[in-house]
Amino acid sequence: MTRTDPTLVGTLLEGRYRVDKLLARGGMSSVYRGVDTRLDRQVAIKIMDPRFADDRSFVERFEREARSAARLHHPHVVAVHDQGFDTPGGEESGRAFLVMELVDGGTLRELLAERGPLDVALALSITEPVLSALAAAHAAGLVHRDVKPENVLIGRGGTALSGGVVKVGDFGLVRAVASAGTTSSSVILGTVAYVSPEQVATGATTSRGDVYSAGILLYEMLTGRPPYTGDTALSVAYRHVNDDVPRPSELRPGIPPQLDELILRATRRDPEQRPADAAAFLAELNHLRTVLGVPAVPVPVPLPADADRETDAERTTPGIPAVPAVAPAAAATTVLPPVAEATLPVTGPRGTQALHREPQIPAAQPPRTPPPRPKPAAGDEQPGSRKRLYLMIAAAVLVLGGLIGAFAFILNDSGPTSSSVPKLTGMNQAAAGDALRSAKLTPAYTEEYSDTAAQHTVIRSDPAEGTSLAPGTTVNVVLSKGRPIVPDIQAGTSQQDAETAIKAAQLTPVQGEQEYSDVAKNKVVRVDPGPGSQLNIGGQVTIILSKGPEPLPPVPDVTGQSKDAAFQILQQAGFQPFQAGEEFSDQFAAGQVIRTDPKGGGKASNRRIGVFVSNAVEVPNVTFKRMEEAIQILKQAGLEPDRQGRGNGNGHGGGNGGFDFVLEQDPQPGTKVPKGTKVKIKGFG
Numbered sequence: 091m092t093r094t095d096p097t098l099v100g101t102l103l104e105g106r107y108r109v110d111k112l113l114a115r116g117g118m119s120s121v122y123r124g125v126d127t128r129l130d131r132q133v134a135i136k137i138m139d140p141r142f143a144d145d146r147s148f149v150e151r152f153e154r155e156a157r158s159a160a161r162l163h164h165p166h167v168v169a170v171h172d173q174g175f176d177t178p179g180g181e182e183s184g185r186a187f188l189v190m191e192l193v194d195g196g197t198l199r200e201l202l203a204e205r206g207p208l209d210v211a212l213a214l215s216i217t218e219p220v221l222s223a224l225a226a227a228h229a230a231g232l233v234h235r236d237v238k239p240e241n242v243l244i245g246r247g248g249t250a251l252s253g254g255v256v257k258v259g260d261f262g263l264v265r266a267v268a269s270a271g272t273t274s275s276s277v278i279l280g281t282v283a284y285v286s287p288e289q290v291a292t293g294a295t296t297s298r299g300d301v302y303s304a305g306i307l308l309y310e311m312l313t314g315r316p317p318y319t320g321d322t323a324l325s326v327a328y329r330h331v332n333d334d335v336p337r338p339s340e341l342r343p344g345i346p347p348q349l350d351e352l353i354l355r356a357t358r359r360d361p362e363q364r365p366a367d368a369a370a371f372l373a374e375l376n377h378l379r380t381v382l383g384v385p386a387v388p389v390p391v392p393l394p395a396d397a398d399r400e401t402d403a404e405r406t407t408p409g410i411p412a413v414p415a416v417a418p419a420a421a422a423t424t425v426l427p428p429v430a431e432a433t434l435p436v437t438g439p440r441g442t443q444a445l446h447r448e449p450q451i452p453a454a455q456p457p458r459t460p461p462p463r464p465k466p467a468a469g470d471e472q473p474g475s476r477k478r479l480y481l482m483i484a485a486a487v488l489v490l491g492g493l494i495g496a497f498a499f500i501l502n503d504s505g506p507t508s509s510s511v512p513k514l515t516g517m518n519q520a521a522a523g524d525a526l527r528s529a530k531l532t533p534a535y536t537e538e539y540s541d542t543a544a545q546h547t548v549i550r551s552d553p554a555e556g557t558s559l560a561p562g563t564t565v566n567v568v569l570s571k572g573r574p575i576v577p578d579i580q581a582g583t584s585q586q587d588a589e590t591a592i593k594a595a596q597l598t599p600v601q602g603e604q605e606y607s608d609v610a611k612n613k614v615v616r617v618d619p620g621p622g623s624q625l626n627i628g629g630q631v632t633i634i635l636s637k638g639p640e641p642l643p644p645v646p647d648v649t650g651q652s653k654d655a656a657f658q659i660l661q662q663a664g665f666q667p668f669q670a671g672e673e674f675s676d677q678f679a680a681g682q683v684i685r686t687d688p689k690g691g692g693k694a695s696n697r698r699i700g701v702f703v704s705n706a707v708e709v710p711n712v713t714f715k716r717m718e719e720a721i722q723i724l725k726q727a728g729l730e731p732d733r734q735g736r737g738n739g740n741g742h743g744g745g746n747g748g749f750d751f752v753l754e755q756d757p758q759p760g761t762k763v764p765k766g767t768k769v770k771i772k773g774f775g
């Protein structure tokens, strides 16, 4: 079988997986669209190059890594369904293969090719799920080792809010290849534009290495190019080891300085100065998004590249992570000269590279050797030639010893060859800096929370007190931020944002009982202790979420009640009554409640209840009252007296000094009438 073997199409691997269509070819494998005939589902099948199939160490590592990756279940990880080793009848060697989720979309590399540099919101919306996937892997004890745009897939099937679904693929594949006999123990495997300094220098691969690669990935999304490029993989590798990653804003002004700082922390050459793993990086990223107010935006699904197109390093495929390439040694394996000698140009490969670590003589300056001389026959060696050889060796030793002595003299004569890290604990930043500079050392500062050290004082140094260092070495001074403070989490914040802010403050979020609130359902009502409270590291902060508005009871029926009594009843039921107006009713006296809006017994849409009060007047009894007194009583009741007739002239009528009494009135006493109604009153006459 060759990498371009067309006869694989139609093959049934292990009697189950049918190979349908070639999607991509790379240095280590070919990827096909296929079908799991047992479950009748489409899958991606990665078939490894046959040179690996005969390597027992590779096959064993491949199986272990596949099993580990298959246990990793996460919405942002390309699922591994199965792995196998198919041995076709009549063939001596088999085919190692991996069965994976088929993602319908493209890669981040294709999105960058379409759009160039991405805006901050989109770059962070892609980085967040990438870090989420890596965090899940790190929690499970897995390290990716080859984080790059080709291994970040963007598939269809997301929501209108999220856009495409971001997934990370190819967990563990680089490690399996590193174990193969086709590469030596001194080979560095990984994509050189994203490989960490420690991976170049020692081959170490840890979660902090993935953090470095993810930081480079974010740098490239924001600027449109990785920080280091070169004419050869060697030049790029040297820059990872020798240079600090520049600020992204130097290439693209306008990037927030806080984001600059986060990327610089993630890509520090010293792994101990980076976030410990992807979860720590993710917590810082989410906190920064909250601080900057950067919203989550939909991630566009890129148009897939032509499946038949092949780059100088490898092919890319719609929906399939690009395959890391380990080219034949003559074509792709590069010999690294000593790191300190690197002065190399810039533009550079993106494919996975195999790089030797051991120093060798640069090819441009081959050692000059004399032409070969005929080997003397046995017994032809002359005693004089041996003597001359011994004398030459002795002379070389003396010369070398003299050079070493002279070099030591020069070093001793030029000042101290080492500096000791002074005691810094408890000092403030200024004093610690002065102490280090006095010791010919260079200070750098980081901060972290402390339950015991006063704010702005030194907790420790790295390297520690008493360590001997070369003059000019950078010493990281860790300053105290004091005890953690509960962040300012406003009502209406999402639970995820609240938890992220609390974790970023090195506190522990705990979900409390939900309560009714006018705050939107499932949003934060409050936190306890409240914002600004100071706690020990890891202290618990309870998040109280809203259950939404409290369901309202039926409106009480308060018709016939006095206004004051009605208001009291409604308030006790949780409502907010207000007088909506006055109306006439012949059933209720003035001041009594006629109706409410909403009406009694009904459901209210909110707590405000309008109360309508009767303005009816009960006609007073003025019969047998003196006429003037009756008129006064009616007016006081809000009625209009209408005097009918005069006295009868017998001394009991309207004569001077006589008495005039009301004998009749209309309406009758006790009748309920509107205010201003005329009441007829008739006296003697």
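Residue numbers for the sequence shown follow this note's numbering, beginning at 91 and rising by one. A virtual CB, placed ideally from N, CA and C, is assigned to each residue, including glycine. All values reported here derive from a predicted model rather than from experimental measurement.
Return the CA-CA distance between residue i and residue j, expressed in angstroms with no decimal places.
i           : j           : result
residue 378 : residue 699 : 46 Å
residue 190 : residue 363 : 35 Å
residue 593 : residue 230 : 20 Å
residue 193 : residue 389 : 15 Å
residue 206 : residue 308 : 13 Å
residue 664 : residue 642 : 8 Å
residue 296 : residue 546 : 31 Å
residue 677 : residue 653 : 15 Å
residue 244 : residue 644 : 52 Å
residue 523 : residue 612 : 48 Å
residue 563 : residue 532 : 6 Å
residue 341 : residue 286 : 21 Å
residue 639 : residue 580 : 18 Å
residue 188 : residue 173 : 4 Å
With respect to the alpha helix (DSSP H) encompassing residue i, which residues constitute its N-terminal and C-terminal limits?
i           : result
residue 122 : Counting along the chain, residue 122 falls outside any alpha helix (DSSP H), though it belongs to the beta strand (DSSP E) covering 119-126.
residue 593 : 585-594
residue 222 : 210-229
residue 156 : 146-160
residue 290 : 287-291
First and last residue of the beta strand (DSSP E) that includes residue i?
i           : result
residue 187 : 185-190
residue 566 : 564-570
residue 732 : 730-734
residue 132 : 131-138
residue 771 : 768-773
residue 668 : 666-673
residue 110 : 107-115
residue 175 : 170-176
residue 684 : 683-687
Just confirm the distance between the C-beta atoms of residue i and residue j, as a whole number of angstroms; I'd bet it's less than 8 Å.
i           : j           : result
residue 365 : residue 350 : Contact doesn't hold; Cβ gap of about 16 Å is too wide.
residue 331 : residue 214 : Not quite, the Cβ-Cβ distance comes to about 28 Å (not below 8 Å), so this is no contact.
residue 608 : residue 380 : The pair is not a contact, with the Cβ atoms about 23 Å apart (cut-off 8 Å).
residue 537 : residue 571 : 5 Å
residue 224 : residue 368 : 4 Å
residue 684 : residue 702 : 5 Å
residue 646 : residue 690 : 6 Å
residue 235 : residue 299 : 7 Å
residue 220 : residue 256 : 6 Å
Can you tell me whether residue i is buried or exposed? The criterion is at least 16 other CB atoms within 10 Å of its CB, across all chains shown.
i           : result
residue 119 : buried
residue 600 : exposed
residue 636 : buried
residue 695 : exposed
residue 163 : exposed
residue 558 : exposed
residue 142 : buried
residue 130 : exposed
residue 122 : buried
residue 284 : buried
residue 196 : buried
residue 127 : exposed
residue 318 : buried
residue 374 : buried
residue 714 : exposed
residue 302 : buried
Check whether the segment 629-636 touches the segment 649-663, taking contact to mean three or more Cβ pairs, one atom from each stretch, closer than 8 Å. no
Counting pairs of Cβ atoms below 8 Å between the segment 761-768 and the segment 729-736, do you hit three or more? yes
Taking 8 Å as the cut-off, does the segment 754-766 touch the segment 707-718 (at least 3 CB pairs, one atom from each stretch)? yes
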